[in-house]
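Peer 1: Add 1 to a position in the sequence shown, counting from 1, and you land on the number used in my numbering.
Dropping a structure here in structure tokens format, bear with me for questions.
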Amino acid sequence: MFDALIIGGGAAGLSCALVLGSAKDKAYAKNKHIGIIAHQKTSHLQTALFNNVLGLEPGTTGASILESGKNQLATLYPHVKQINREKVLEISNSDGHFSIRTNKNTYQSKIVVIAVGYTNLISIKGLEAYIEPHPRAAADKERIWLKNTDHLVSENLYVAGALAGWRSQFAITSGSGAHVATDILTLWNDGKHAKVHDKIEV
Ligand SMILES: Cc1cc2nc3c(=O)[nH]c(=O)nc-3n(C[C@H](O)[C@H](O)[C@H](O)COP(=O)(O)OP(=O)(O)OC[C@H]3O[C@@H](n4cnc5c(N)ncnc54)[C@H](O)[C@@H]3O)c2cc1C
Numbered sequence: 002m003f004d005a006l007i008i009g010g011g012a013a014g015l016s017c018a019l020v021l022g023s024a025k026d027k028a029y030a031k032n033k034h035i036g037i038i039a040h041q042k043t044s045h046l047q048t049a050l051f052n053n054v055l056g057l058e059p060g061t062t063g064a065s066i067l068e069s070g071k072n073q074l075a076t077l078y079p080h081v082k083q084i085n086r087e088k089v090l091e092i093s094n095s096d097g098h099f100s101i102r103t104n105k106n107t108y109q110s111k112i113v114v115i116a117v118g119y120t121n122l123i124s125i126k127g128l129e130a131y132i133e134p135h136p137r138a139a140a141d142k143e144r145i146w147l148k149n150t151d152h153l154v155s156e157n158l159y160v161a162g163a164l165a166g167w168r169s170q171f172a173i174t175s176g177s178g179a180h181v182a183t184d185i186l187t188l189w190n191d192g193k194h195a196k197v198h199d200k201i202e203v
């Protein structure tokens with residue numbers, strides 16, 4: 002049983018996983034079982050080229066971030082389980098937890114974060130009730146969002162990234178993933194606001 006399982010290994014999903022993983026030494030996050038279904042085939046990062054993102058070297062490719070993001074997660078926060086080459090087909094909720102069925106396995110999790118991008122080709126069963134036209138994208142592109150309030154779709158079900166209704170810019174979508182992570186950490190911290198900052202030792 003995962004405490005939190007992130008679905009999607011693009012900008013939002015990897016950012017969410019990094020922030021959740023970085024809380025490993027906090028008492029409230031100790032022993033939390035965190036995972037990410039790091040499917041990346043359909044990430045918008047596959048073809049993106051970044052010149053306008055603070056902190057990224059101009060000319061950085063999205064494809065390199067897909068690779069380096071997974072490596073960063075594995076190196077710094079190896080307790081976050083990365084599930085590769087699996088695509089989620091269905092999410093259902095019963096007995097107070099979610100079942101996440103992929104093309105290969107079924108996982109259980111108390112909290113789920115959906116970060117699969119905003120294409121209307123989404124084919125995950127169980128999310129139909131929340132799908133609406135995207136509020137911040139050109140209508141002719143037929144983008145979608147999962148209706149949410151501050152990223153929360155329903156109890157313990159979060160959405161992050163472009164699918165949360167944000168415009169598709171790297172800093173916004175990765176920030177959305179980080180935002181959801183701090184909401185989950187706050188929940189684990191009994192509602193006391195949580196964030197994770199590393200600092201230089203002087
Ligand atoms: C060509 C291009 C150029 C861009 N250039 C810029 C730029 O210059 N500056 C800028 O700021 N932004 C740019 N962007 C936007 C930026 O790449 C996106 O905002 C960002 O990637 C969106 O992040 P996301 O996590 O919401 O979705 P994505 O990065 O698309 O990630 C979604 C993830 O979910 C996975 N997934 C989908 N379905 C499933 C499923 N059923 N099961 C499991 N996983 C699934 C996908 O494989 C993918 O890894 C560009 C985008 C494109 C396409």
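Quick reminder that beta carbons are idealized off the backbone N, C-alpha and C, glycines included.
Note that the coordinates shown come from a computational prediction; the quantities given were computed from them, not determined experimentally.
Going by beta-carbon coordinates alone, are LEU50 and ALA12 separated by less than 8 Å?
Peer 2: No, the pair does not count as a contact, with Cβ atoms beyond the cut-off.
Peer 1: DSSP on ASN94, reduced to helix/strand/coil?
Peer 2: Looking at ASN94 - three-state DSSP - the assignment turns out to be strand.
Peer 1: For the putative contact between ALA163 and GLY178, defined by C-beta atoms under 8 Å, what is the C-beta separation to the nearest angstrom?
Peer 2: That belief does not hold up - the Cβ atoms of ALA163 and GLY178 are roughly 11 Å apart, past 8 Å.
Peer 1: Taking all protein chains shown into account, decide if LYS33 is buried (16 or more other Cβ within 10 angstroms of its Cβ) or exposed.
Peer 2: Answer is buried; the Cβ neighbour count reaches 16.
Peer 1: DSSP state of GLY36, grouped into three classes?
Peer 2: In this structure, GLY36 counts as strand in the three-state DSSP scheme.
Peer 1: According to DSSP, simplified to helix, strand and coil, what is LEU57?
Peer 2: If DSSP states are grouped into helix, strand and coil, LEU57 belongs with coil.
Peer 1: Could you tell me the alpha carbon to alpha carbon distance between LYS25 and HIS198, rounded to whole angstroms?
Peer 2: Distance between the alpha carbons of LYS25 and HIS198: 12 Å.
Peer 1: Using the rule of at least 16 other Cβ atoms within 10 Å of the residue's Cβ for burial, across every protein chain shown, is GLY56 buried or exposed?
Peer 2: With fewer than 16 other Cβ atoms within 10 Å, it is exposed.
Peer 1: With a CB to CB cut of under 7 Å and the five nearest residues on each side skipped, what residues in its chain are close to ALA167?
Peer 2: Per the sequence shown, the amino acid found at residue 167 is Trp instead of Ala. For TRP167, where only same-chain residues beyond five positions count, the Cβ hits under 7 Å are ARG137, ILE173, THR174, SER177.
Peer 1: With distances taken Cα to Cα, identify the nearest neighbour of THR107 among ASN190, GLY22, GLY60, GLU87.
Peer 2: The option with the nearest alpha carbon to THR107 is GLU87.
Peer 1: Rounded to whole angstroms, what is the Cα-Cα separation between LYS1 and GLY63?
Peer 2: Outside the shown range of the chain (2 to 203) lies residue 1, about which nothing can therefore be said.
Peer 1: Looking at the strands, I want to know which residues DSSP matches up with THR103.
Peer 2: Its beta-bridge partners are VAL89.
Peer 1: Please report the straight-line C-alpha distance between GLU129 and ILE201, rounded to a whole angstrom.
Peer 2: Cα to Cα, the separation comes out at about 46 Å.
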